[in-house]
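Peer 1: Have a look at this one.
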Amino acid sequence: MGSQTHQPPQIPVIDLSLEDLKPGSASWLPTCNQIRHALEEYGCFVAKYDQLSPQLSTKLFSQSKDLFELPVETKKQNTSDEPYRGYIGPTKYMPLYESTAIDKATVLEEVHKFMNLMWPDGKDQFCEVVDSYAKLLGALNELTVEMLFESYGLRKHFPSLAASNSHLLRFLKYKQPQDTETTTIRFAAHTDINFATIVHQYDIGGLEVQAKDGTWISVEPQPSHFLIFAGQGMQVWSNDRIKACYHRVKVSAGNGERYSMGLFTFNNGVIQVPEELVDDKHPLLYKPFDSRGYIRFYISSDEAVKLNNPIKAFCGA
Ligand SMILES: O=C(O)CCC(=O)C(=O)O
Ligand SMILES: [Fe+2]
Numbered sequence: 001m002g003s004q005t006h007q008p009p010q011i012p013v014i015d016l017s018l019e020d021l022k023p024g025s026a027s028w029l030p031t032c033n034q035i036r037h038a039l040e041e042y043g044c045f046v047a048k049y050d051q052l053s054p055q056l057s058t059k060l061f062s063q064s065k066d067l068f069e070l071p072v073e074t075k076k077q078n079t080s081d082e083p084y085r086g087y088i089g090p091t092k093y094m095p096l097y098e099s100t101a102i103d104k105a106t107v108l109e110e111v112h113k114f115m116n117l118m119w120p121d122g123k124d125q126f127c128e129v130v131d132s133y134a135k136l137l138g139a140l141n142e143l144t145v146e147m148l149f150e151s152y153g154l155r156k157h158f159p160s161l162a163a164s165n166s167h168l169l170r171f172l173k174y175k176q177p178q179d180t181e182t183t184t185i186r187f188a189a190h191t192d193i194n195f196a197t198i199v200h201q202y203d204i205g206g207l208e209v210q211a212k213d214g215t216w217i218s219v220e221p222q223p224s225h226f227l228i229f230a231g232q233g234m235q236v237w238s239n240d241r242i243k244a245c246y247h248r249v250k251v252s253a254g255n256g257e258r259y260s261m262g263l264f265t266f267n268n269g270v271i272q273v274p275e276e277l278v279d280d281k282h283p284l285l286y287k288p289f290d291s292r293g294y295i296r297f298y299i300s301s302d303e304a305v306k307l308n309n310p311i312k313a314f315c316g317a
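Mapping of the sequence shown onto full-length UniProt numbering: residues 1 to 317, in sequence order.
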């Protein structure tokens, strides 16, 4: 009898670079089912996506570094009437964290508007690089969600959801801790309040996701690897077959500054659990869900409500 060593669970890596990944092809349904299985088991998976090349990633993160080097007064000009959209500077709780975002980033004019605000005299390559990057990540999100719907036999519902999608592209930076500090959590455990998120780590990892048994799994950066998370919107849509994924970021002293990117897909309309996902074993858990209304509810709720399942408090059936 061989000795049994306990292997920590690994987040599945799913190849979405395959050329014939289209409805009807040999790889389509098996890959759809892999996506569904990974999301039901882990609330996330790593997409291998060669369409977004290492060269484009290098150019994108070089633009991101330039962006964070701008004076803080300039960065603060990126404001929004909507919560969670503009520049977020370091706080008492997250002293090493900084981020800024472009709303509707798959629309070239929005990227231009952002560039003009940050660099009124223009910025070489910013728009081309960010536009290509955002469009590829947007396409990766749409492909993933379409394939997930397909695996439930519900691809017909995809176009109406996709029509309400809005993509927020967030640039994130974590300064390295002083050398007196050890590895510490820099972004506390949370689930995302949107439908789905893609996180792209560049040269320094730190992202961890929580498995069902409570263990934390570290996700290492690799060229053309993108981590795709289920957010609370996907949890509602799937009637809890998929749970929003808990994740956090740890940064170690001596690792250098960490840069990452997030594509947060929100929806502008109302999300409803499809009737096909409701049966005796899966009674309806959610009323129709107005995702923008939920964001307003979430920011105005106290910590107790947030910790005790805010999505159920907002639209539980
Ligand atoms: O910085 C990261 O890599 C992830 C950030 C994150 O989870 C978030 O902004 O919701
Ligand atoms: Fe997150």
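Virtual Cβ for every residue (Gly too), placed ideally from N, Cα, C.
Using the rule of at least 16 other Cβ atoms within 10 Å of the residue's Cβ for burial, across every protein chain shown, is Gly256 buried or exposed?
Peer 2: Exposed, since its Cβ has fewer than 16 Cβ neighbours within 10 Å.
Peer 1: Do you know how far the Cα of Arg155 is from the Cα of Leu39?
Peer 2: Their backbone Cα atoms lie some 17 Å apart in a straight line.
Peer 1: Quick one: grab the DSSP three-state call for Gln77.
Peer 2: Coil at Gln77, not helix or strand.
Peer 1: List the endpoints of the continuous beta strand (DSSP E) containing Phe158.
Peer 2: Segment Phe158 to Ala163 is the alpha helix (DSSP H) holding Phe158; no beta strand (DSSP E) there.
Peer 1: Tell me whether Thr184 is buried or exposed, calling it buried when 16 or more other Cβ atoms sit within 10 Å of its Cβ.
Peer 2: Under this definition Thr184 is an exposed residue.
Peer 1: What number of angstroms, rounded off, separates the C-alpha of Met261 from the C-alpha of Leu227?
Peer 2: The alpha-carbon atoms of Met261 and Leu227 are separated by roughly 11 Å.
Peer 1: Hey, Arg170 and Ser62: beta-carbon distance below 7 Å or not?
Peer 2: The answer is no: Cβ separation not under 7 Å.
Peer 1: If contact is defined by three or more beta carbon pairs under 8 Å, each pair taking one atom from either stretch, is the segment 149-168 in contact with the segment 18-37?
Peer 2: Yes, since at least three Cβ pairs between the segment 18-37 and the segment 149-168 fall closer than 8 Å, the two stretches touch.
Peer 1: Going by the C-beta, is Gly262 closer than 6 Å to any heavy atom of ligand 1?
Peer 2: At least one heavy atom of ligand 1 is nearer than 6 Å to the Cβ of Gly262, so yes.
Peer 1: For Trp28, report the span of its alpha helix (DSSP H) as first-last.
Peer 2: Taken as a continuous stretch (DSSP letters only), the alpha helix (DSSP H) holding Trp28 covers Trp28 to Tyr42.
Peer 1: Under the three-state reduction of DSSP, which class applies to Tyr286: helix, strand or coil?
Peer 2: In this structure, Tyr286 counts as strand in the three-state DSSP scheme.
Peer 1: Do Leu168 and Ala101 have their C-beta atoms within less than 7 Å of each other?
Peer 2: A contact, by the Cβ cut-off of 7 Å.
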